[in-house]
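Please read the structure below before turning to the comments.
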Ligand code: TXA
Ligand code: MG
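Numbering (our numbering), first residue to last: 21 to 342.
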């Protein structure tokens, strides 16, 4: 871990596991290292990055005017699958925030990520900027092998990929805008609206949960930019076409809860037993569809609230309106 932290200090990239998905990390104070993240991902440079920190104590380094409810959320759910968007401090430069006056912060709940963050902080590091470790518009990786498959050819010999096994949550963190009087969910995840309301005693401002744009282009962008990203073929999606509202036919891939049977000739890719397991295996099952060269995948979406909201949000984007 010390050597991976040293690579960050030297300006190289370190892909690391978190409880949600794998991240592609760089020293959040090094503009050249952060520029390489965008290059390796093929991501437009004005999209802001989440800064990963080792503990709640570092919040004040990167953010200012932190509202009481954001502190309550951080105390309750960090380390955990939650990103708080706060007013930025001077430390959060334009190359992190895409020129906005806010910054996204998160303490990940994974032993490898925390060990890396702690080793990096011990040598003077302030935080690790990390998007999901996939090419722009693709499915996020939930294993080290998937990171290498996505980014291997774009990484240099000094860059590092840490292997921490399969991610436990499987979908990206809940992003909560904490810059207004009331919290607002910008991206649903494992920390649900109910959990936010429980911790803060406030009512969460509702947002449309499944705009057909990519996870890489949240509400921070203008309507016009969202339209551009959302109109790209296969945005935030596997190469296979994803369908949500139909019965699978022979030759198609199929992802559904275990109690739903597989019709004859259909290729079953995953049979999760509950919504948590659904989130955990979703991205690897979509990758498996591509590995098997399937042209089409039908997903029977989980109903209900909690993490099912996040699953439906990602599937709506992957299906791109189908
Ligand atoms: O679970 C996660 O959040 C993973 C792991 C690696 O931590 N990270 C992740 O990062 O999903 P990324 O960059 O793939 O998605 C983060 C999203 C982007 O859509 C970005 O636009 C948005 O968060 N974001 C980052 N900073 C923001 C800010 N200051 N205001 C609004 N949105 C922000
Ligand atoms: Mg992403």
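Note that the Cβ used here is the ideal one computed from N, Cα and C, for glycine as well.
Please read these numbers as outputs of a predicted model, since none were measured by experiment.
Asked, Found
"Bridge partners - residue 274, DSSP secondary structure assignment", "288 and 318"
"Validate contact between the region 93-104 and the region 168-178 using beta carbons, cut 8 Å, 3 pairs", "no"
"Proximal residues to residue 308 (C-beta, below 7 Å), its chain only, five neighbours per side dropped", "289"
"Distance CB(residue 160)-CB(residue 42) smaller than 9 Å", "yes"
"For residue 106 and residue 122, believed in contact at Cβ under 8 Å, the rounded distance", "6 Å"
"C-alpha gap between residue 125 and residue 278, whole angstroms", "36 Å"
"Where the beta strand (DSSP E) containing residue 21 begins and where it ends", "No beta strand (DSSP E) holds residue 21; DSSP gives it neither H nor E."
"Contact test: residue 158 Cβ vs the ligand TXA heavy atom, cutoff 8 Å", "no"
"Residue 192 beta carbon near the ligand MG (any heavy atom closer than 8 Å)", "yes"
"Cβ pair count under 8 Å reaching 3, the region 182-199 against the region 309-316", "no"
"Integer Cβ distance of residue 128 from residue 333, believed to fall under 8 Å", "So it is not a contact: roughly 20 Å between Cβ atoms."
"N- and C-terminal bounds of the alpha helix (DSSP H) containing residue 107", "Premise fails: residue 107 lies in the beta strand (DSSP E), 102-108, not in any alpha helix (DSSP H)."
"Reference residue 335, options 283, 134 and 261, closest by Cα", "261"
"Residue range of the unbroken alpha helix (DSSP H) whose run includes residue 117", "114-117"
"Under the three-state DSSP convention, the category residue 199 falls into", "coil"
"Residue 42 beta carbon near the ligand TXA (any heavy atom closer than 8 Å)", "yes"
"Rounded separation between residue 185 and residue 51 - CA only", "30 Å"
"Continuous beta strand (DSSP E) stretch holding residue 71: start and end", "70-72"
"Spatially closest choice to residue 48 from 167, 94, 111 and 21, by CA coordinates", "111"
"Buried versus exposed, by CB contacts within 10 Å (16 or more), residue 233", "For residue 233, the predicted model reports a pLDDT of 41, less than 50, meaning its position is unreliable; a value from the coordinates is still stated below. By the 10 Å Cβ count, residue 233 comes out buried."
"Which of helix, strand or coil DSSP assigns to residue 155", "coil"
"Pair within 9 Å by beta-carbon distance, residue 144 and residue 257", "no"
"Closest Cα partner of residue 285 within the set 291, 274, 294 and 293", "274"
"Whole runs of the alpha helix (DSSP H) within the region 134-195, excluding any shorter than 4 residues", "164-171"
"Residue 120 CB to nearest heavy atom of the ligand TXA below 8 Å", "yes"
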